[in-house]
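Enquirer:
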Amino acid sequence: MPAFKRCFWPPWLALVVLLSAVAAQKLPPKTPWPTLTGEEPAVIARGGMSGLFPDSSQTAYSFTQLFSRPNTVLWCDLQLTKDEVGICLPTVKMDNSTDIVDIFPDGKKDYLLNGVPVSGWFTIDYEFEELSNVSLIQGIYSRTNKFDGQLGILSVDDIHENFKSPLWLNFQYTTFYSQHNISMRSYLLELTRRVVINYVSSPEVSFLTSIQARVAQRSTHLVFRFMDSDVIEPSTNQSYGSLAKNMTFIRTFASGIIMPKSYIWPVDSSLYLLPHTSIVSDAHKAGLQVFAADFANDFLIAYNYSYDPISEYISFVDNGAFSVDGIVTDSPVTASSAIGCFAHVENSSTAASLTVISHNGASGVYPGCTDLAYHQAIADGADYIDCPVQVTKDGVLICMTSPDLFSGTTVAKSAYAASESIIPEIQPSAGVFTFNLTWEDIQKNLKPEISAPQQKYLIYRNPLYQNAGNFVTLSDFLSLATNSSLAGVVITIENAAFSNKNLGFNLVEGIQAAVEQSGLTNQTGMEVMIMSTESAVLKAIGAKNSFKLTYMIDESISGADNSSIADIAGFAHAVAVGKQSIYPVSTAFIVGKTDVVGRFQAANLSVYAYLFLNEFTSQPWDFFSDPTVEINSYFQAAGVNGIITDFPQTAVAYKRNPCLALGKETPRYMLPVLPGELVTLVQPPSLPPALPPSPVLDDADVIEPPLPPTSRNATLSPLGAGQPPVQSPVASSHPGPTRLPLLFSLLALIVGASLS
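Heads up: the sequence shown begins at -8 in my numbering, then just goes up one per residue.
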């Protein structure tokens, strides 16, 4: 067929096909499913893998077959051409899913579609042969357009001949076609005489009743499709919401129903889950299968799921009360792994030796570095929780996301904001710093604030808890850890030289004292990890302690020379590297893989990758907008020892899925993707631009002078009790006059002037 001539397959895909063919699907026995038949829920790929590729394209269907569960159902939104050839396109109007506007610029028409005037390019105005030069494009603009214009429109016969998978035809516009003397009923009846169609769905009762007697004998399942609850079904003149209350009527002409997922798990106006309805159990009692629709990894979902699509799928198939019979999704690989690997998993099991380190606690769920974020990270099963240590004006060591209180607190809305200042040694922008305020100032006058790293895409985190939780001191943090089952804690130290020189406070000694007071040094079962971008900090601590030391590389690198690796191995036990230092990214496509993980590990340095987020806008296209696919690739393909994440629950759930213990029998949907290979499907001129080379880590990046001595002979206790206050190198942010001895006032003015 003409459509299959526009196909560009890279050599690596043949290998994937071979691997997927030999990968056995031997999974652990599953608990019986509470579906209508007791069988596992079906995965229905709407337009194939349309969450990445143009809907209903050859590539979208091929990827579904390669990477999803066996017998994943291929969904086709059926449209008819002028010569009554069945084609697969998301709607009868072609200009949002094809480049027909460029091919037939004068083809725009006006029609009534379900009684509504609509303008565009319609399938009924073109014969199939005329569409041979029309290419598919991505119709959802938030998805990549790099695969546009490469693949042609497929007929139903194309799909039947080239993809040996169950097929689902959705008849959405039967009345519209009838108004133009094109019979979808006649087309279907002729088609089913020569092609096995496993499922036929329609939102029109009259269409399903008209074909019921003819297709039932061919084992075709008829499925009634629900539209939004207030929409009127034309055959009965009842709303779909009303029909949802009469399952016995629907059973007279259909064997199943398909409905938006909101019918089953509704959400409130703030995008939080409400209690599930009884609609699945009601349908099952009537003998109807239930298929839930509108799933995609890159759609906004209820905040309860923390941007983890697997968590959402599990709530529909493994919630302890019911399971839908199938999932209709734009992201069939994720649905496959949810059903095949993450459902019915015991929380106590661990299948992977991946270390999960929190980033400011579970900061994707609660404001970072608060008691709630730390408790959540522990409950999620994180191996380590972390505390980025900052110091207050009165010498209290606290856990805070940054020394700048504009990050992680409501200081911007407080009176302290007027006293912002610039300290170039810390950051180029103005801030209000922890050492400008006392611990009491922070506790009483500021609130935590949840981070929003993807807010440029209007994606926010857990708004009901935007300012929830309490700030904690380092001592509070350590006390919390000692009473938990954690493997250890991570204490992050930055700006130590600045603190010694300008604040007169020795961070290293203060932290050592806090750890000793906590008793952690006497607990052999809990590890203390010190992390820093400053080699001088790790050298200073390593000379006096047996802590695990991790050197954080705060720039993207393409490699590391032998001498720099040897330098790091001389003072650290591990390195933390940014994700792009492992898989470089250009225009959201991974364009290669470095050897930094293997090089560091060869020097007996563990490698922790950072920073992992769940929001789909944070992931390259290679990972299918699925944070679990991303984790899987860094662990199985790149071989990292651990990850640092805002969402420990997602990483821990990944560790516990039993498919990781299957070795050569790992199902294909849990095999790591091949980062850097997806871009080979992109054709010129859409190829991402070449990346400028990242630097190679060398000695100059690693070697630092020793920490300077403290500027005054004062070592504060971890809580600063009974000690002189730390003096800020800038004017105090505290409202009202600051009373200091004359000498310290002059010193503050001199240092402040030198830094401005």
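For every residue, glycine included, the Cβ atom is placed at its ideal position computed from N, Cα and C.
I need the straight-line Cα distance from I305 to S327, nearest angstrom please.
Expert: Taking the first residue of the sequence shown as 1, we reach residue 305 at position 314. Taking the first residue of the sequence shown as 1, we reach residue 327 at position 336. If I take the Cα positions, the gap works out to 11 Å.
Enquirer: How big is the Cα-Cα spacing for P700 and L540?
Expert: Taking the sequence shown and counting its residues from 1, one reaches residue 700 at position 709. Taking the sequence shown and counting its residues from 1, one reaches residue 540 at position 549. One C-alpha to the other measures close to 22 Å.
Enquirer: For a test of the three-state rule: what should DSSP assign to M40, helix, strand or coil?
Expert: As a working note, residue 40 is residue 49 in the sequence shown. Note: M40 maps to coil in three-state DSSP.
Enquirer: D545 lies in the alpha helix (DSSP H); which residues open and close that run?
Expert: Start at 1 with the first residue of the sequence shown, and residue 545 comes out as number 554. Here D545 belongs to no alpha helix (DSSP H), and DSSP marks it neither H nor E.
Enquirer: Less than 8 Å separating the beta-carbons of A565 and V528?
Expert: Reading the sequence shown from its first residue, position 574 is the one you call residue 565. Reading the sequence shown from its first residue, position 537 is the one you call residue 528. Not in contact: A565 and V528 (Cβ atoms no closer than 8 Å).
Enquirer: Under 6 Å Cβ to Cβ from S302, same chain only, skipping five residues before and after it: list those, please.
Expert: On the sequence shown, position 311 is the one that residue 302 refers to. Closer than 6 Å at the Cβ level, and outside the excluded window around S302, lie Y296.
Enquirer: Would you say P611 and F580 are within 8 Å of each other, going by their C-beta atoms?
Expert: Taking the sequence shown and counting its residues from 1, the one referred to as residue 611 is at position 620. Taking the sequence shown and counting its residues from 1, the one referred to as residue 580 is at position 589. Yes, Cβ-Cβ distance for P611 and F580 is below 8 Å.
Enquirer: Suppose you measure from the CA of V717 to the CA of G495; what does that come to, to the nearest Å?
Expert: One-based indexing of the sequence shown puts residue 717 at position 726. One-based indexing of the sequence shown puts residue 495 at position 504. Low confidence applies to V717: its pLDDT is 49, below 50, so where it sits in the model is not reliable enough to give any reading.
Enquirer: Mind checking which residues open and close the beta strand (DSSP E) that includes S523?
Expert: Counted from its first residue, the sequence shown places residue 523 at position 532. Unbroken beta strand (DSSP E) run through S523: E518 to S523.
Enquirer: Just to confirm before moving on: does the CB-CB distance between I694 and S526 stay below 8 Å?
Expert: Position 703 of the sequence shown, counted from the first residue, corresponds to residue 694. Position 535 of the sequence shown, counted from the first residue, corresponds to residue 526. In this structure, S526 lies closer than 8 Å to I694 by Cβ.
Enquirer: Would you say L158 and T114 are within 8 Å of each other, going by their C-beta atoms?
Expert: Here residue 158 corresponds to residue number 167 of the sequence shown, with the count starting at 1. Here residue 114 corresponds to residue number 123 of the sequence shown, with the count starting at 1. No, the Cβ-Cβ distance between L158 and T114 is not below 8 Å.
Enquirer: CA-CA distance, S398 and F138?
Expert: In the sequence shown, the residue the question calls residue 398 occupies position 407. In the sequence shown, the residue the question calls residue 138 occupies position 147. Roughly 38 Å between the two C-alpha positions.
Enquirer: Pairing CB atoms from the segment 314 to 326 with CB atoms from the segment 274 to 289, are three or more of them under 8 Å?
Expert: Touching, per the Cβ criterion.
Enquirer: Is DSSP giving L529 helix, strand or coil here?
Expert: Within the sequence shown, residue 529 is the residue found at index 538, counting from 1. Residue state, collapsed to three classes: helix.
Enquirer: If I follow the unbroken beta strand (DSSP E) through A560, where does it start and stop?
Expert: Within the sequence shown, the letter at position 569 stands for residue 560. Here A560 belongs to no beta strand (DSSP E); instead the alpha helix (DSSP H) covers N553 to F562.
Enquirer: Which residues in the same chain have their Cβ closer than 8 Å to the Cβ of N136, if we skip the five residues on either side of it in sequence?
Expert: Taking the sequence shown and counting its residues from 1, one reaches residue 136 at position 145. The answer, listed in chain order, is I128, Q129 and S677.
Enquirer: CA-CA distance, S723 and T512?
Expert: Reading the sequence shown from its first residue, position 732 is the one you call residue 723. Reading the sequence shown from its first residue, position 521 is the one you call residue 512. Because the pLDDT of S723 is 39, which lies under 50, any placement of that residue in the model is unreliable, and the number read from its coordinates should be weighed accordingly. Approximately 36 Å, taken between the alpha carbons.
Enquirer: Hey, out of T483, G667, Y178 and Y254, whose CA is closest to T578's CA?
Expert: Start at 1 with the first residue of the sequence shown, and residue 578 comes out as number 587. Ranking the options by Cα distance to T578, first place goes to G667.
Enquirer: Roughly how many angstroms separate the alpha carbons of A364 and A560, rounded to a whole number?
Expert: Working through the sequence shown from its first residue, we reach residue 364 at position 373. Working through the sequence shown from its first residue, we reach residue 560 at position 569. Those two C-alpha atoms are separated by around 32 Å.
Enquirer: For K236, which three-state DSSP category applies?
Expert: Residue 236 sits at position 245 when you count from the first residue of the sequence shown. If DSSP states are grouped into helix, strand and coil, K236 belongs with coil.
Enquirer: Leaving out five residues before and five after I223 in sequence, what residues of the same chain have Cβ atoms less than 6 Å from its Cβ?
Expert: Walking along the sequence shown from the start, residue 223 turns up at place 232. Answer for I223: S230, listed in chain order.
Enquirer: Roughly how many angstroms lie between the CA atoms of Y164 and E152, to the nearest whole one?
Expert: Working through the sequence shown from its first residue, we reach residue 164 at position 173. Working through the sequence shown from its first residue, we reach residue 152 at position 161. Whole-angstrom Cα-Cα distance: 25 Å.
Enquirer: Pick helix, strand or coil for L378, following the three-state DSSP scheme.
Expert: As a working note, residue 378 is residue 387 in the sequence shown. Residue 378 is actually Cys in this sequence, not Leu. Residue state, collapsed to three classes: strand.
Enquirer: Measuring only between beta-carbons, confirm whether N237 sits less than 8 Å from chain D.
Expert: Absent here is chain D; the protein component of the structure consists of one chain.
Enquirer: Are the CB atoms of G533 and T585 nearer to each other than 8 Å?
Expert: Numbered from 1 along the sequence shown, position 542 holds the residue referred to as residue 533. Numbered from 1 along the sequence shown, position 594 holds the residue referred to as residue 585. In this structure, T585 does not lie closer than 8 Å to G533 by Cβ.
Enquirer: Is the separation between the beta-carbon of Y375 and that of I413 shorter than 8 Å?
Expert: The count along the sequence shown starts at 1 and reaches residue 375 at position 384. The count along the sequence shown starts at 1 and reaches residue 413 at position 422. No, the Cβ-Cβ distance between Y375 and I413 is not below 8 Å.
Enquirer: Assuming D285 is part of the beta strand (DSSP E), what are its boundary residues?
Expert: Taking the sequence shown and counting its residues from 1, the one referred to as residue 285 is at position 294. Q280 to F286 is the extent of the beta strand (DSSP E) around D285.
Enquirer: Hey, would you say V631 sits closer than 8 Å to V664, going by beta carbons?
Expert: To locate residue 631, count along the sequence shown from 1; it is residue 640. To locate residue 664, count along the sequence shown from 1; it is residue 673. Going by C-beta atoms, V631 is not nearer than 8 Å to V664.
Enquirer: Let me make sure I understand the geometry here. Which of Y294, P439, R185 and S476 has the alpha-carbon closest to that of N458?
Expert: The residue given as residue 458 occupies position 467 in the sequence shown. Among Y294, P439, R185 and S476, the Cα nearest to that of N458 is on P439.
Enquirer: Identify, in the order they occur along the chain, each residue of the same chain with its Cβ nearer than 8 Å to the Cβ of V480, setting aside the five sequence neighbours on each side.
Expert: For the purposes of this step, residue 480 is taken as the residue at position 489 of the sequence shown. So the qualifying residues of the chain are Y375, I376, D377, C378, F468, L469, A472, L511, M517, E518, V519 and M520.
Enquirer: Specify whether the segment 206 to 215 and the segment 173 to 191 touch according to this definition: at least 3 beta carbon pairs, one from each stretch, less than 8 Å apart.
Expert: The segment 206 to 215 vs the segment 173 to 191: in contact.
Enquirer: Keeping to the same chain, check which residues put their C-beta closer than 8 Å to that of R134; ignore five residues upstream and five downstream.
Expert: Against the sequence shown, residue 134 aligns to sequence position 143. The answer, listed in chain order, is G42, L43 and D289.
Enquirer: Locate the beta strand (DSSP E) running through G569, then write down its first and last residues.
Expert: Here residue 569 refers to the residue found at position 578 of the sequence shown. Start and end: A565 to G569.
Enquirer: Which same chain residues end up closer than 8 Å to R205 when comparing Cβ atoms and leaving out the 5 residues on each side of it in sequence?
Expert: Stepping through the sequence shown from its first residue, residue 205 is reached at position 214. Once the five neighbours on either side are set aside, the close Cβ partners of R205 are L180 and T183.
Enquirer: Rounding to the nearest angstrom, what Cα-Cα distance links V147 and I78 in this structure?
Expert: Here residue 147 refers to the residue found at position 156 of the sequence shown. Here residue 78 refers to the residue found at position 87 of the sequence shown. Whole-angstrom Cα-Cα distance: 6 Å.
Enquirer: With a CB to CB cut of under 8 Å and the five nearest residues on each side skipped, what residues in its chain are close to D101?
Expert: Counting from 1 along the sequence shown, the entry for residue 101 is found at position 110. So the list reads P108, V109 and S110, once near-sequence residues are dropped.
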